[in-house]
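Engineer: I have a structure here, written as structure tokens, and I will follow up with some questions on it.
Listed below in structure tokens is the structure:
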């Protein structure tokens, strides 16, 4: 059952991102791990593309523990971890930039753009925000909405495809509206949706 | 404008002529910080004297040094006059930054000079300068800039220098003459100005900002206990500069970087 969900999620992500520049994914908390796995499997299937994965929901260290095998080979995925330093527990890793706190939104934006700026050649660029709703735990709603607007505008200008996750239980109406407004496509995840 | 009224100073013919020469023609001096140059509509007009205002730890010295180093990489010789920080400490701190290149110091493209040593050698009183002392120091600064054919100059900090000048008139005259002389040499100058944190002022003595051609303010805002550094251009003669406040990042890899500041909420 879990495999079917993950396969289904992967296909939906693949078809959505291939036609839409920005995709918003709204999911229940208990599907978060499945979605992350589907995402990483999709990223693994596109080694020629450059990925930036911004994690606010969980530390980079725990992602590596869970998906380390998939991440090791291609080196086309760079991480920005916004929580580990605030927790006081992180190990320096050349594949990950640790932003000091999830409140430093401008710094987050800067690091994202710097990674893409350093890319050489004509590479397809993808950005994952995991998750928009987690930012609400640390920041005011209006600030998160403004941040997301800035981010998606910059992504569109720089030809970056974005996938923004939002966990239902954490979401607020204002940010929900922004996610709907700023995304070309919205996917709503239910265990039985596929 | 001072506490007891408005004072009018007449310009000498010489001062007027120097100012006129400076304002004509605006070649641009790029700071090397991309977003800052964009906000300045290209860069600082050559010959401008810019007050770089901020409290302790706001990034004045780093930004000023990055300005000099970038100029040196483009073939423009620079001088950094330090009063507030000993030479060895300054260079040791700067070595943490990727933009800092020791070879530029060794080749003389960037010169770092401790103003206290110059003061000592001139036999000046370390606490208070007389008019003659100030004049002698001014001549030395001009001579150094002239002999080295300097195109970029930093004084860190003008506050510490002004502390030694005994009156507002001396401060005004010193900064005006320094700025005008350097401008006539095509030298663009940054004067760092120390202010207390979270106070809306551009200098300790309330004079410097009126003489300077530009004012760039480095500050910070509190966001849920975290400090977000900011930069804002308050004034820059000769360019249509941005007035928006930017968030500023200082990192060893990229030095000073600017990004639009998020304005909503806290």
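Protein chains in written order, with this note's numbering: chain A, 96 to 289; chain B, 853 to 1118.
Glycine is no exception: its CB is placed at the ideal position from the N, C-alpha and C atoms.
These numbers come from a predicted model, not from an experiment.
By the 8 Å beta-carbon criterion, what residues does the segment 1095-1112 of chain B contribute toward chain A?
Structural biologist: Listed by position, the residues of the segment 1095-1112 of chain B near chain A (Cβ gap below 8 Å) are 1099, 1101, 1106, 1109, 1111 and 1112.
Engineer: Please confirm whether residue 193 of chain A has its beta-carbon closer than 8 Å to some beta-carbon of chain B.
Structural biologist: False, the Cβ-Cβ gap to chain B never drops below 8 Å.
Engineer: Kindly indicate if chain A contains any beta-carbon less than 8 Å away from that of residue 1115 of chain B.
Structural biologist: Closer than 8 Å: yes.
Engineer: Buried or exposed: where does residue 1031 of chain B fall if 16 or more other Cβ atoms within 10 Å of its Cβ makes it buried?
Structural biologist: Looking at its Cβ environment, which holds 16 or more other Cβ atoms inside 10 Å, residue 1031 of chain B is buried.
Engineer: Please confirm if the segment 106-118 of chain A is in contact with the segment 247-264 of chain A, defined as three or more CB-CB distances below 8 Å between the two stretches.
Structural biologist: As far as the Cβ criterion goes, the segment 106-118 of chain A touches the segment 247-264 of chain A, which means the pair count is three or higher.
Engineer: Determine the chain B residues that contact residue 198 of chain A at a beta-carbon separation under 7 Å, and present them in chain order.
Structural biologist: Under the 7 Å cutoff, chain B gives 1075, 1076 and 1078.
Engineer: Just how far apart, CA to CA, sit residue 154 of chain A and residue 161 of chain A?
Structural biologist: Taking the straight line from one Cα to the other gives about 11 Å.
Engineer: Whole beta strand (DSSP E) runs in the segment 920-957 of chain B with 3 or more residues, listed along the chain?
Structural biologist: Those beta strand (DSSP E) runs which fall completely within the segment 920-957 of chain B and span 3+ residues are 930-934.
Engineer: Got a sec: is the Cβ-Cβ distance from residue 112 of chain A to anything in chain B below 8 Å?
Structural biologist: Chain B contact via Cβ: absent.
Engineer: Name the DSSP beta bridge partners of residue 1085 of chain B, please?
Structural biologist: Partner(s): B:1068.
Engineer: Please list, in chain order, all residues of the same chain as residue 873 of chain B whose beta carbon is under 7 Å from its beta carbon, the five residues on each side excluded.
Structural biologist: Any reading at residue 873 of chain B must be qualified, since the residue scores a pLDDT of 48, below 50, and its modelled position is unreliable; the value itself is stated next. Closer than 7 Å at Cβ, skipping near neighbours: 1036.
Engineer: Can you tell me the Cα-Cα spacing of residue 1116 of chain B and residue 984 of chain B, whole angstroms?
Structural biologist: Their Cα atoms are separated by approximately 53 Å.
Engineer: Note down the Cα distance separating residue 875 of chain B from residue 894 of chain B, rounded to an integer number of angstroms.
Structural biologist: In this prediction, residue 875 of chain B has a pLDDT of 48, which is less than 50 and means its spatial position is unreliable; what the coordinates show is noted afterwards. Straight-line Cα distance between these residues: approximately 17 Å.
Engineer: Are the Cβ atoms of residue 134 of chain A and residue 122 of chain A separated by less than 8 Å?
Structural biologist: No, these two residues do not count as a Cβ contact at 8 Å.
Engineer: With a threshold of 8 Å between beta carbons, is residue 248 of chain A in contact with chain B?
Structural biologist: For residue 248 of chain A, the answer is no, since every Cβ of chain B falls outside 8 Å of its Cβ.
Engineer: Is the CB-CB distance between residue 1060 of chain B and residue 1043 of chain B below 8 Å?
Structural biologist: Yes, the Cβ-Cβ distance between residue 1060 of chain B and residue 1043 of chain B is below 8 Å.
Engineer: Buried or exposed: which applies to residue 206 of chain A, given that a residue is buried once 16 or more other Cβ atoms fall within 10 Å of its Cβ?
Structural biologist: Result: buried.
Engineer: Are the beta-carbon atoms belonging to residue 910 of chain B and residue 1095 of chain B less than 8 Å from one another?
Structural biologist: Cβ distance not < 8 Å, so residue 910 of chain B and residue 1095 of chain B don't count as in contact.
Engineer: Measuring CB to CB, does residue 260 of chain A end up less than 8 Å from residue 225 of chain A?
Structural biologist: In contact: residue 260 of chain A and residue 225 of chain A (Cβ atoms closer than 8 Å).
Engineer: For residue 923 of chain B, tell me which candidate among B:1002, B:966, B:939 and B:943 has the shortest Cα-Cα distance.
Structural biologist: It is B:1002.
Engineer: Under a three-way DSSP split, which group does residue 1051 of chain B fall into?
Structural biologist: In the structure shown, residue 1051 of chain B sits in coil (DSSP, three-state: anything other than H, G, I, E or B).
Engineer: Whole angstroms are fine: how far does the CA of residue 231 of chain A sit from the CA of residue 288 of chain A?
Structural biologist: Here the model assigns residue 288 of chain A a pLDDT of 49, short of 50, so the residue's position is not dependable and the matter cannot be decided.
Engineer: Strictly below 8 Å CB to CB, what residues from chain B border residue 245 of chain A?
Structural biologist: Near residue 245 of chain A (Cβ distances below 8 Å), the residues of chain B are 1112 and 1114.
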